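Heads up: the structure comes next, in structure tokens.
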Amino acid sequence: MGRLKEEVGETAYRSWLRSMRLDRIENGEGVIAAPTRFLRNWVATHYADRLLALWRAENEAVTRVTIIVEPQIAACAAVQEGGEPMAAQPAFSEPGGLPDIADDRGHLSAPLDPRFTFENFIVGKPNELAHAAALRVAAACVAPVHTVPFNPLFLYGGVGLGKTHLMHAIAWHVRMQAPASKVIYLSAEKFMYQFIRALRFRSTMDFKDQFRSVDLLMIDDVQFISGKESTQEEFFHTFNALVDQNRQIVISADKSPSDLAGLEERMRSRLGWGLVADIHPTTYELRLGILQSKAEQGGLRLPQKVMEFLAHKIVSNVRELEGALNRITAQMQLVGREITLESAQDLLRDLLRANERRVTIDEIQRRVAEHFNIKMAEMMSSRRARVVARPRQVAMYLAKQLTSRSLPEIGRKFGGRDHTTVIHAVKKIEELSASDTALAEDVELLRRMLQS
Ligand code: ADP
Ligand code: MG
146 MGRLKEEVGE TAYRSWLRSM RLDRIENGEG VIAAPTRFLR NWVATHYADR LLALWRAENE
206 AVTRVTIIVE PQIAACAAVQ EGGEPMAAQP AFSEPGGLPD IADDRGHLSA PLDPRFTFEN
266 FIVGKPNELA HAAALRVAAA CVAPVHTVPF NPLFLYGGVG LGKTHLMHAI AWHVRMQAPA
326 SKVIYLSAEK FMYQFIRALR FRSTMDFKDQ FRSVDLLMID DVQFISGKES TQEEFFHTFN
386 ALVDQNRQIV ISADKSPSDL AGLEERMRSR LGWGLVADIH PTTYELRLGI LQSKAEQGGL
446 RLPQKVMEFL AHKIVSNVRE LEGALNRITA QMQLVGREIT LESAQDLLRD LLRANERRVT
506 IDEIQRRVAE HFNIKMAEMM SSRRARVVAR PRQVAMYLAK QLTSRSLPEI GRKFGGRDHT
566 TVIHAVKKIE ELSASDTALA EDVELLRRML QS
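Position one of the sequence shown corresponds to residue 146 (my numbering), numbered consecutively onward.
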């Protein structure tokens with residue numbers, strides 16, 4: 146074993162070879178036991194030659210090496226190695242293929258981001274329920290008396306609001322407090338991929354076993370398996386088996402179970418059985434809190450004004466907020482100058498623009514029609530009476546100012562008018578605003594309403 150380790154390196158040794166045990170040496174045959182069929186096949190195809198050569202260098206009497214499967218040695222190994230669970234047990238019996246989704250302990254699970262812990266999660270109104278539920282689940286998983294507070298915990302919310310962060314935080318907590326428990330965290334896409342692979346290699350039994358022996362199963366972004374019937378089927382069975390055995394499941398998606406399209410009805414209702422907790426879009430206070438904490442973590446000193454500005458302007462999601470902070474950090478480190486409000490604005494121009502509220506032409510037409518008390522249909526009609534023509538021009542003007550639509554596109558939205566009509570409307574309103582203060586105020590009011 147020592148020679149093998151030297152030759153293949155620590156990582157490969159730990160992944161593939163460490164759990165092998167010498168069974169016997171008999172009539173020139175060295176017999177080695179592996180804990181799983183997968184490991185047996187893997188070692189046989191990849192290391193058999195070196196194994197024999199190295200062994201012979203130690204003991205010339207060995208002329209052949211045979212590897213057998215002996216499942217119980219995995220358990221022994223775990224005990225011998227201080228309770229470390231099933232060291233390096235790769236996931237699937239795909240001959241000749243690396244298990245590409247394994248955490249650093251060789252479990253079937255995607256790697257966890259070390260920054261995504263509970264300590265690093267800032268709690269605010271929009272995420273307090275999801276956070277509290279995640280904490281409860283994490284605590285229950287490591288409690289001496291096993292309970293399952295809600296099954297499943299279903300977290301949902303828009304992109305970049307902290308779903309993955311919370312799931313990793315649960316996983317970290319459980320791994321730290323109860324290292325022997327088996328935690329699987331996978332994106333729904335990876336789950337699906339593994340399932341399809343298992344089908345191809347006819348190892349669905351292994352697939353099922355992998356999942357059904359788990360203490361905590363977390364599947365991220367399940368919206369990706371909508372419409373994929375066979376995956377859903379498998380997921381459903383796994384899900385039921387785990388719930389029946391009182392194992393905790395955590396699911397995330399971008400929508401609530403009832404709004405997820407392409408999901409079978411029984412799946413939908415089953416997903417809603419436990420606790421459904423949504424993460425709302427961030428508030429100003431939460432964004433500011435996150436900025437302050439991240440800046441502190443990164444040892445970054447930013448003027449309060451700049452932070453407030455960012456929290457005000459970058460409203461889409463936390464990921465973009467972090468992006469903005471990273472860019473500022475890089476700038477400060479590279480240029481070595483303090484950041485001011487102006488330089489921040491300059492640096493983040495594109496991000497800021499993308500975060501401006503997007504106003505649609507429909508919205509403009511609706512608001513303007515309401516304001517001047519005309520029918521929405523009049524926006525599209527060909528009537529030229531001033532009472533409808535003026536509001537229509539105002540709406541065209543605002544569409545030009547507040548959206549990125551081209552003149553022909555705007556014309557089309559107003560009952561298929563020509564782009565020259567739009568140009569005329571824009572000019573007209575500009576001219577009139579200069580002299581007609583009442584109209585100027587109307588336009589300004591509408592602009593502010595539409596942009597807030
Ligand atoms: P989602 O999975 O919902 O799309 P993520 O969990 O990947 O979002 O979060 C995106 C980024 O924002 C991550 O870097 C995460 O750490 C950060 N983040 C989100 N919410 C918070 C929060 N409440 N406190 C601290 N960081 C957060
Ligand atoms: Mg995510």
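The C-beta atom is built at its ideal place from N, Cα and C for all residues, glycine as well. None of these values were measured; they are calculated from a predicted model.
(message) Tell me whether K308, by its Cβ, gets closer than 7 Å to a heavy atom of ligand 2.
(response) yes
(message) Using 8 Å as the cut-off, can you tell me whether the stretch 418-430 makes contact with the stretch 448-462, which would need three or more C-beta pairs spanning the two stretches below that distance?
(response) yes
(message) Suppose contacts are defined by Cβ-Cβ distances below 8 Å. Is L547 in contact with H564 by that definition?
(response) no
(request) Starting from the Cα of L603, find the closest Cα among G561, Q596, P536 and give me that residue. (result) In the structure as shown, the chain begins at 146 and stops at 597. Residue 603 is therefore absent and cannot be evaluated.
(message) Spatial neighbours of F356 within its chain, please: C-beta separation below 6 Å, excluding the five flanking residues on both sides.
(response) T383
(message) Considering Cα atoms alone, identify which of R159, S326, A284, G556 is closest to Y542.
(response) G556
(message) Here's a check: name, in chain order, each residue in its chain whose Cβ is nearer than 7 Å to the Cβ of H457, leaving out the five neighbours to either side.
(response) Y429
(request) With DSSP collapsed to three states, give me the class of V328. (result) strand
(message) Across the stretch 307-323 and the stretch 337-357, are there enough close Cβ pairs to call them in contact, namely three or more that are closer than 8 Å?
(response) no
(request) Note down the Cα distance separating S397 from R464, rounded to an integer number of angstroms. (result) 17 Å
(message) So for W161, helix, strand or coil by DSSP?
(response) helix
(message) By the DSSP assignment, the alpha helix (DSSP H) with M452 in it spans what residues?
(response) 449-458
(request) Using DSSP bridges, identify the partner residues of D360. (result) Its beta-bridge partners do not exist; DSSP assigns none.
(request) Taking A585 as the reference, give the member of Q538, I568, R550 with the closest Cα. (result) Q538
(request) Run the CB neighbour count on P448, radius 10 Å, all protein chains shown included, and call it buried at 16 or more, exposed below. (result) exposed
(message) Rounded to the nearest angstrom, what separates A223 and L433 at their Cα positions?
(response) Since pLDDT at A223 reaches only 32, below the 50 mark, its modelled position is unreliable, and the value read off the structure follows with that caveat. Cα to Cα, A223 sits roughly 46 Å from L433.
(request) Give the single residue among N186, R260, E203, Q596 whose Cα lies nearest to the Cα of G147. (result) E203
(message) Given this structure, state the Cα-to-Cα distance separating W418 from R494, to the nearest angstrom.
(response) 45 Å
(message) Spatial neighbours of V421 within its chain, please: C-beta separation below 8 Å, excluding the five flanking residues on both sides.
(response) F299, Y301, S401, P402
(message) According to DSSP, simplified to helix, strand and coil, what is F299?
(response) strand
(message) So, with DSSP's three-state summary, where would you put V480?
(response) helix
(request) For T566, I'd like the list of residues in its chain whose CB is within less than 7 Å of its CB, leaving aside the five on either flank, ordered along the chain. (result) G556
(request) Decide yes or no for the touch test of the stretch 255-268 against the stretch 385-394: beta carbon pairs closer than 8 Å, at least 3 of them. (result) no
(request) Between the Cα of V268 and those of I509, S414, Q437, spot the shortest distance and give me the residue it belongs to. (result) Q437
(message) Buried or exposed, going by whether 16 or more other CB atoms sit within 10 Å of the CB of G307?
(response) buried
(message) Which residue wins for smallest C-alpha separation from N296, given the options A386, W187, T309?
(response) A386
(message) So for G305, helix, strand or coil by DSSP?
(response) coil
(request) Closer than 7 Å by C-beta to A189: which residues in its own chain qualify, once you throw out the five before and the five after it? Chain order, please. (result) I212
(message) I'd like to confirm something about D423: is its beta-carbon nearer than 7 Å to some heavy atom of ligand 3, or not?
(response) Ligand 3 is absent from the structure shown, which contains only ligand 1 and ligand 2.
(request) With DSSP collapsed to three states, give me the class of T349. (result) helix
(request) Check whether the Cβ of V176 lies closer than 7 Å to any heavy atom of ligand 1, and answer yes or no. (result) no
(message) DSSP three-state label for T505, please.
(response) coil
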